[in-house]
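Residues in the sequence shown are numbered from -14 upward in steps of one, following our numbering.
Since the structure comes first, as structure tokens, the remarks are kept for the end.
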Amino acid sequence: MKKDCFVASLRWTALAAMTLCVNVAFADDVQSGWQQTKGQDFIVYYRSDVPDDFVQTTMDTAEDELKEITDNLGITNNQYWAWDSPAKIYIYSDHKDYVRNAGQAGWSHGAAFAKARTIKTYPEVQGFFDTILPHELGHIVFRDYIGYTVGVPLWFEEGVAIYQEKAKRLGAGDDVRAAIENGQFIPLTQLTGVRLYKDSKSQVVDLFYSESASAVYYMITELGEQEFYMFCNEIKNGTPFQDALHKVYLRFETIDDLNKAWVEYLQG
Ligand SMILES: [Zn+2]
-14 MKKDCFVASL RWTALAAMTL CVNVAFADDV QSGWQQTKGQ DFIVYYRSDV PDDFVQTTMD
46 TAEDELKEIT DNLGITNNQY WAWDSPAKIY IYSDHKDYVR NAGQAGWSHG AAFAKARTIK
106 TYPEVQGFFD TILPHELGHI VFRDYIGYTV GVPLWFEEGV AIYQEKAKRL GAGDDVRAAI
166 ENGQFIPLTQ LTGVRLYKDS KSQVVDLFYS ESASAVYYMI TELGEQEFYM FCNEIKNGTP
226 FQDALHKVYL RFETIDDLNK AWVEYLQG
């Protein structure tokens, strides 16, 4: 399962360092040795040993995914939102270069810096265009839309990004069911408090991502796309997460109510 490290905004960097991951890198990589190519919505910076066709496919896929993600989030034709300036994508030589010079955790395959509208990653044989790129771009588009100062649980932020992946980690539900059965399951109310560090155990990291993926997948596909769009809009307008939940999904007064409905669905 692909994991990443997400920093919602530079203001959140210190918080993220304590919570989701240890992220000491700055969004702009000031090292020399970058080549670059500019497109309509993106600037791709890349190491000289990254193949040209990989760079071009990254640019093309990013442009396509931008359209798909805004469709998924129901914001394509929103008159109050626009992709104002190009986002940046840094492609490091390989995992070693990425971990060392982008300052990322060994379990991370990509990082998104939402406010800086920057993605950092490296070429990977499997899953780059279907998983990593849509996921990281999902983080950036979502925050560009809802704003950088509103607070949402990290599981929600990750779940939204995972939903942009081609396979949407459909097997995540099985992992969560197994966690419920073996007593490892973390209820949504507690999931926000989970801390991930560079040396976090892979079981904890995997379960965090599986639950995030499954919960948001449940919200979008079972509770309805239109409701999900309304819910995100409430958050964008400054309604606190739990209040927005109750306002849109009347039967959920608390996150715990959402948790119960989700678990019932999984155990269906
Ligand atoms: Zn992520």
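For every residue, glycine included, the Cβ atom is placed at its ideal position computed from N, Cα and C.
Predicted, not measured: the structure shown is a model, and the values here were computed from it.
**Message:** ligand 1 and D115: does the residue's C-beta get closer than 7 Å to at least one heavy atom of that ligand?
**Reply:** no
**Message:** Can you tell me whether A87 sits near ligand 1, meaning its C-beta is under 7 Å from at least one heavy atom of the ligand?
**Reply:** no
**Request:** Please confirm if the segment 173 to 182 is in contact with the segment 232 to 241, defined as three or more CB-CB distances below 8 Å between the two stretches.
**Result:** yes
**Prompt:** Roughly how many whole angstroms lie between the Cα atoms of H231 and Y202?
**Reply:** 18 Å
**Message:** Under 7 Å: does the beta carbon of H124 sit that close to some heavy atom of ligand 1?
**Reply:** yes
**Request:** On a CA-only basis, which of S78, D14 and W66 is nearest D37? Give me that one, please.
**Result:** S78
**Residue nearest to H124 in terms of C-alpha spacing, selected from V35, L139 and F113** = L139
**Prompt:** Secondary structure at S187, three-state DSSP: helix, strand or coil?
**Reply:** helix
**Request:** Compare the Cα-Cα distances from A200 to each of M215, R236, Y148 and E166 and report the closest residue.
**Result:** Y148
**Asked** What's the gap between the Cα of K52 and the Cα of Q188?
**Response** 34 Å
**Request:** Quick one: measure Cβ to Cβ for T103 and E150, integer angstroms, because I've assumed they're closer than 8 Å.
**Result:** With a Cβ gap of about 19 Å, T103 and E150 do not count as contacting.
**Item:** E210 beta carbon near ligand 1 (any heavy atom closer than 7 Å)
**Value:** no
**Message:** Please classify L118 as buried or exposed, where buried requires at least 16 other C-beta atoms within 10 Å of its C-beta.
**Reply:** buried
**Prompt:** Between P108 and V35, is the Cβ-Cβ spacing less than 8 Å?
**Reply:** yes
**Message:** ligand 1 and A146: does the residue's C-beta get closer than 7 Å to at least one heavy atom of that ligand?
**Reply:** yes
**Message:** Just to confirm the assignment, what range does the alpha helix (DSSP H) spanning K52 have?
**Reply:** D37 to N57
**Request:** Please confirm whether D14 and A99 have their CB atoms less than 8 Å apart.
**Result:** no
**Asked** Looking only at its own chain, which residues have a Cβ that is under 6 Å from the Cβ of Y31, when we skip the five neighbours before and after it?
**Response** Q20, V40 and I76
**Request:** Count the other C-beta atoms from every protein chain shown that fall within 10 angstroms of the C-beta of R128, then say buried if there are 16 or more, exposed otherwise.
**Result:** buried
**Prompt:** Taking 7 Å as the cut-off, is the CB of D(-11) close to at least one heavy atom of ligand 1?
**Reply:** yes
**Asked** In this structure, does DSSP put S93 in helix, strand or coil?
**Response** strand
**Asked** Quick one: what's got a C-beta closer than 6 Å to W66's C-beta in the same chain, skipping five residues either side?
**Response** I60 and Y130
**Message:** Ignoring anything shorter than 4 residues, give me the alpha helix (DSSP H) runs that lie fully in the segment 141 to 166, in order along the chain.
**Reply:** 157 to 166
**Message:** In the DSSP output, what is Q211 paired with across the bridge?
**Reply:** Per DSSP, none; premise fails for Q211.
**Prompt:** What number of angstroms, rounded off, separates the C-alpha of F226 from the C-alpha of Y234?
**Reply:** 12 Å
**Prompt:** When the distance is taken between beta carbons, is I74 closer than 8 Å to A47?
**Reply:** yes
**Request:** Could you check the C-alpha separation between Y298 and G95 for me, to the nearest Å?
**Result:** Within the shown structure, residues of the chain are numbered from -14 to 253, placing residue 298 beyond reach of any answer.
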